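Remarks on the structure that follows.
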Amino acid sequence: MALTKATHRMIEGASVNVKDYGAVGDGVTDDTTAIQAALTEYSGTSTVVYFPTGTYLTSSTIAIYQNNIHSDYAIITCNDNTIIAVTISGGAHYTEIRGKLSVTRDDAWSTDGTTDAQENGAYGIKINCRVNIDQISSYGHYWDGINFNASSNLNKSVYGLVISGPNARHGMYFDGTENNMSVWRINARTGGNWASGIYFEDTSPARQFKGHFYTEDNAEDATSYGCYLGGLSTSELYIYSEEQTSNLEVSLPASGGNSNRVFSSRANTDQNGQNASVMLFGSRTYHRGTAGVTALEKFTNLSDNSTKYWDLTKATAVGNLFQTRYIGNGQRHDIVEKATEDKFSSVQQTATDLSVVYQKGTPETPLTMVATDQGSFGIKIGTAGDRTSLTTLASIKGYAASVGGGNKANGYLYLGASNAGSSTTDWLRLKNDGEFAPTSDDAQNLGAASLLWKEIFAGNATINTSDERLKTFYTIEENEKQAALEIKQNISKFKWNKAISEKGENNARIHFGVGAQTVIDIMESHNLIPNNYSFICYDEWEEEAALFNEDENGEKQESKPKLEAGNRYGIRYEELLCFIIGAM
162 MALTKATHRM
172 IEGASVNVKD
182 YGAVGDGVTD
192 DTTAIQAALT
202 EYSGTSTVVY
212 FPTGTYLTSS
222 TIAIYQNNIH
232 SDYAIITCND
242 NTIIAVTISG
252 GAHYTEIRGK
262 LSVTRDDAWS
272 TDGTTDAQEN
282 GAYGIKINCR
292 VNIDQISSYG
302 HYWDGINFNA
312 SSNLNKSVYG
322 LVISGPNARH
332 GMYFDGTENN
342 MSVWRINART
352 GGNWASGIYF
362 EDTSPARQFK
372 GHFYTEDNAE
382 DATSYGCYLG
392 GLSTSELYIY
402 SEEQTSNLEV
412 SLPASGGNSN
422 RVFSSRANTD
432 QNGQNASVML
442 FGSRTYHRGT
452 AGVTALEKFT
462 NLSDNSTKYW
472 DLTKATAVGN
482 LFQTRYIGNG
492 QRHDIVEKAT
502 EDKFSSVQQT
512 ATDLSVVYQK
522 GTPETPLTMV
532 ATDQGSFGIK
542 IGTAGDRTSL
552 TTLASIKGYA
562 ASVGGGNKAN
572 GYLYLGASNA
582 GSSTTDWLRL
592 KNDGEFAPTS
602 DDAQNLGAAS
612 LLWKEIFAGN
622 ATINTSDERL
632 KTFYTIEENE
642 KQAALEIKQN
652 ISKFKWNKAI
662 SEKGENNARI
672 HFGVGAQTVI
682 DIMESHNLIP
692 NNYSFICYDE
702 WEEEAALFNE
712 DENGEKQESK
722 PKLEAGNRYG
732 IRYEELLCFI
742 IGAM
């Protein structure tokens, strides 16, 4: 009997082509039966199932079980959006996938701002075995792109490159209960996924991962992370996570695994709650020890053997600032000394505040501190401080939730406030010659209706703009003159009620003026609209809650009293007096 081509290749133990079993690879013909026949026949053998370049349309799940596969960049495209496209299983037996293999959907899921298209469990690829892969990609699926389900042995797997996204949920999802789930090397890239780019369940037994995770533009779901490491433990990963829609980059949750060493270049929204784990963000390291001791370590650089290394350690409400050294290769010296009085004195931290007290001396490298949570943040410089060390700074900018250096010229001091987002606005400027002014012309008030300045002391009277080029003049009408003269007749002497209450009626000082309500009544009696005249003022304000800070003992102290809602009438006297004089 003549041998078929497939039988001939099986005898040789080399490879078998899926097209020998009837697969076409044109993206139109249903190749499910042909592909599955080839994979099933050579399951558990050394024969390579070969996928030439092409798009292989499938209508049901393709099951890869203990196979050796080589792909010249084949694309498996499933036309059923409710099922798993490809499963890879086989327990402790190694499945080998060489070359480039892609798994997608004929009608691919895309980020359209809704989750209506999600189909629970419609994974792109579900892996449940040891597997070595050169490059595999999975995208356009109606649930997770790749599911690593450890219900059997996944230990010692190696992934050259794994690409996943966009998908309707996670790009890569790790779950299951089997402890045999370690990956010796993995390089992963995810993007455009609705939820997290890479997600480990908190109960996942994943361990001993080593490699690189790159996630970008995932987390349309506001609670998702670019990379959520959950139960992952005893692993070393380099993570670059950026531009997640949720603004949540990397998380090692407190409920997850431990003994991880994670390097991340995104410090502003990364979290580390795990015990006995370390997270490094560029030049900063966050560590939470098993005894609940936290530390913030600040690197300068490690270019030579004399480079400084600052280790900020908090064990109680009042911690200590330590200074030590690293040698050029990053190895720590044995001796760690507490900073002396001529360096750094102490660190005080409460639930909302962090205060570093700097006594005197000039550090070799400027110390940068950032408060990422809401609350007050202050730097106190004592009278014994050497303020000449500040001359090397260009300027200091203060915002509602942060203090930082700016690039303003000549050492000016700028004060401003941050809005609900991340942007900031400069409002006040103090020049190095002592001039204090707003940053915009004719745009800001000094004081408010509910927050009055008591008195203003000045060498000269205030200067008000009176340039005729900025004004349009009108004739004072007869009823306006009559109202002005009547107001003049109502100018009286008075004493402030607050002054009478505080000093007594005999000691309260005498003032001269008018009552705003009386002026309003007079204006209306002469058929004039009071609000049309700028010398009459009326303001209202809403209630504002009291603000509290914590002292060094953790006790709440009121820093700003409650403001009751109210209103107040006022008179601009320079305008009113001109009004009266103009009628005389």
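When you read off a place in the sequence shown, starting at 1, and then add 161, the result is the number in the working numbering.
Glycine included, each C-beta is placed from N, C-alpha and C at the ideal position.
Keep in mind it's a predicted model, so treat the numbers as computed, not measured.
Is residue 287 buried or exposed, if buried means 16 or more other CB atoms sit within 10 Å of its CB?
-> buried
For residue 477, count neighbouring C-beta atoms within 10 Å of its own C-beta (all shown protein chains included) and say buried if the count is 16 or more, exposed if not.
-> With a pLDDT of 33 at residue 477, under the threshold of 50, the modelled position of that residue is not reliable, and no figure is offered here.
Out of 327, 647, 655, 618, point me to the one whose CA is closest to residue 741's CA.
-> 647
Can you give me the Cβ contacts of residue 269 inside the same chain, cut-off strictly under 6 Å, excluding the 5 residues immediately before and after it?
-> 301
Check whether residue 224 and residue 262 have beta carbons under 9 Å apart = no
Entirely within the region 636-685 and at least 4 residues each: give me those alpha helix (DSSP H) ranges in chain order.
-> 639-650, 658-664
Is it buried or exposed for residue 315, if we count other Cβ within 10 angstroms and need 16 for buried?
-> buried
Along the chain, which unbroken stretches of the beta strand (DSSP E) at least 3 residues long are found entirely within the region 198-275?
-> 209-212, 215-219, 223-226, 229-239, 247-266
Stretch pair the region 363-376 + the region 391-407: three plus CB contacts closer than 8 Å = yes
Please confirm if the region 726-735 is in contact with the region 696-705, defined as three or more CB-CB distances below 8 Å between the two stretches.
-> yes
If we ignore side chains and look at the alpha-carbon of each, how far apart do residue 378 and residue 404 end up?
-> 5 Å
Could you spell out where the beta strand (DSSP E) holding residue 397 opens and where it closes?
-> 397-403
Residue 561, buried or exposed, once every other Cβ within 10 Å from all chains shown has been counted against 16 | Here residue 561 scores only 34 on pLDDT, less than 50, and its place in the model should not be relied on; the value that follows carries that caveat. The residue in question, residue 561, is exposed, as its Cβ has fewer than 16 Cβ neighbours within 10 Å.
Could you name the residues that DSSP lists as bridge partners for residue 609?
-> 612
Whose C-alpha, out of 384, 320, 686, 408, is nearest the C-alpha of residue 374?
-> 320
Residue 222 beta carbon near the ligand PLP (any heavy atom closer than 8 Å) | Absent from the structure shown: the ligand PLP. Ligands present: none.
Please name the residue in 230, 339, 689 whose C-alpha comes closest to that of residue 256.
-> 230
Limits of the unbroken alpha helix (DSSP H) element including residue 617 | Note, residue 617: premise wrong, no alpha helix (DSSP H); not H, not E.
If you draw a straight line from the alpha carbon of residue 735 to that of residue 721, how long is it in whole angstroms?
-> 33 Å
What number of angstroms, rounded off, separates the C-alpha of residue 364 from the C-alpha of residue 190?
-> 42 Å
What residue range is occupied by the uninterrupted alpha helix (DSSP H) comprising residue 736?
-> 734-743
Taking the alpha carbon of residue 732 as the point to measure from, which residue in 743, 675, 744 has its own alpha carbon closest?
-> 675
Same chain, Cβ closer than 7 Å to residue 279, neighbours up to 5 away in sequence not counted | 303, 304, 329, 330
Mapping DSSP to helix, strand and coil, what is residue 349?
-> strand
What are the partner residues of residue 373, as DSSP defines its beta bridges?
-> 348, 399
By Cβ distance, which residues of its chain are closer than 6 Å to residue 238, with the 5 residues on each side in sequence left out?
-> 216, 218, 265, 267
Under 9 Å between C-beta atoms of residue 828 and residue 391 = For residue 828 there is no data in the structure shown, the boundaries of the chain being 162 and 745.
Residues in its own chain within less than 7 Å of residue 696 by CB, not counting five upstream and five downstream?
-> 732, 733, 736, 737, 740
Let me know the secondary structure DSSP gives residue 478 once reduced to three states.
-> With a pLDDT of only 34 at residue 478, under the threshold of 50, the placement of this residue in the model should not be trusted, and no figure is reported.
Same chain, Cβ closer than 6 Å to residue 345, five either side skipped, listed in chain order = 317, 319
Which two residues bound the contiguous beta strand (DSSP E) that contains residue 702?
-> 697-702
Sheet register partners of residue 705 (DSSP bridge) | 724
DSSP three-state call for residue 310: helix, strand or coil?
-> strand
Is it right to say residue 670 is buried, meaning 16 or more other beta carbons lie within 10 angstroms of its own, or is it exposed?
-> exposed
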